[in-house]
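Under this note's numbering, the residues of the sequence shown are numbered 672 to 938, in order.
Even glycine gets a Cβ: it sits at the ideal position worked out from N, Cα and C.
Encoded as structure tokens, the structure appears first; notes follow it.
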Amino acid sequence: MQDGQSWFILQQGRSSSMPSLVVRPSPPLCRIHPLHDGIGGIETGSLTELFGEFRTGKSQLCHTLAVTCQLPVSMGGGEGKCLYIDTEGTFRPVRVLAVAERYGLNGEEVLDNIAYARAYNADHQQQLLTSASALMSESRFCLLIVDSCTALYRTDFSGRGELSSRQTHLGKFLRTLQRLADEFGIAVVVSNQVMSTPDAAAGPYAGNEKKPIGGNIMAHASTTRLQLKKSRGNTRTCKIYDSPCLPESETTFAILPGGIGDPEEES
């Protein structure tokens with residue numbers, strides 16, 4: 672257990688498509704990703720947002736990245752450990768072990784390289800970043816995951832009367848994430864939920880557009896925004912919703928027993 676309270680190093684005995692990293696000329700710009708052809712990967716030194724409805728693969732992608740970030744650069748990894756903040760209780764060590772097996776890695780060693788913390792409210796979620804900074808000062812981490820970034824804000828701040836307070840708190844959290852990305856050169860990945868935004872002008876029979884939660888605060892804080900959608904069976908689509916350096920594009924992936932991969936691997 673780390674920090675005496677909240678961070679745990681996972682161990683196997685206590686718990687139940689090829690990623691790659693493209694090194695850029697100027698550090699810390701490099702990319703960790705299992706979605707090579709379509710989106711170009713998860714950029715270090717910046718914040719990447721994954722948003723979509725329930726069962727679109729957000730947590731599955733987070734589990735896969737927690738393993739593949741540990742691979743050596745020559746195999747498409749970041750040669751570092753992972754910090755994983757879980758706000759909804761969706762983290763499953765057994766999924767990590769399955770991904771590790773797929774890549775021929777030792778499951779116990781992979782779990783040892785994941786510092787895990789469960790956040791129970793928005794204040795606790797913010798406090799965990801302070802202890803995360805201390806951990807990153809002591810060891811080589813290359814990825815910080817928050818799954819989900821906004822779930823606790825929806826429960827802790829309810830109604831329009833608390834909207835301003837919620838956005839202020841969320842903005843502080845996101846700024847701290849970016850500071851950690853800048854200071855330690857890590858990739859930051861946050862998952863986000865969506866909500867319906869009915870178009871009153873379109874009438875009662877028009878379909879509701881679903882937009883990511885967090886409004887402009889989240890939109891401005893995220894360097895890259897990836898939209899995940901359901902497709903047939905275990906297949907999902909990932910679209911570059913917003914990026915300062917990547918063109919709009921879309922790719923497909925499958926949720927496999929060994930994590931995120933190419934749909935062709937499913938057959």
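- DSSP places ARG907 inside the beta strand (DSSP E), whose first and last residues are 906-913.
- Here the alpha carbon of HIS734 sits roughly 6 Å from the alpha carbon of VAL767.
- Secondary structure of GLN898 (DSSP, three-state): strand.
- Among the bridge pairs identified by DSSP, PRO883 is matched with VAL865.
- Partner residues in the beta bridge of LYS752, as assigned by DSSP, are PHE812.
- Under the three-state reduction of DSSP, ARG837 is assigned to helix.
- With a 10 Å radius around the Cβ and a threshold of 16 neighbouring Cβ atoms, GLY904 comes out exposed.
- Excluding sequence positions up to five before and after GLN838, its CB lies within less than 6 Å of the CB of ILE888, all in the same chain and listed in chain order.
- Shortest Cα-Cα distance from GLY751 to any of ARG763, THR758, LEU736 involves LEU736.
- Contact between GLN864 and THR821 holds: their C-beta atoms lie close to 6 Å from each other, under 8 Å.
- By the Cβ criterion, the segment 720-729 is not in contact with the segment 824-837, since fewer than three pairs of Cβ atoms, one from each stretch, lie closer than 8 Å.
- Between LEU718 and LEU848, the beta carbon gap of about 6 Å places them in contact (Cβ cut-off 8 Å).
- Rounded to whole angstroms, the Cβ separation of ALA803 and GLY930 is 24 Å, and the two are not in contact under 8 Å.
- The Cβ neighbour count for ARG896, taken over all protein chains shown within 10 Å, is at least 16; the residue is labelled buried.
- Spatial neighbours of GLY886 in its own chain (CB-CB distance under 8 Å, excluding positions within 5 residues in sequence) are listed in chain order as GLN838.
- The alpha helix (DSSP H) runs lying completely inside the segment 722-805 and spanning 4 residues or more are 729-739, 764-773, 778-783, given in chain order.
- Of the candidates LYS881, GLU720, GLN796, GLN796 places its Cα closest to the Cα of PHE844.
- Pairing SER867 with ASP818 gives a Cβ-Cβ distance that is not under 8 Å.
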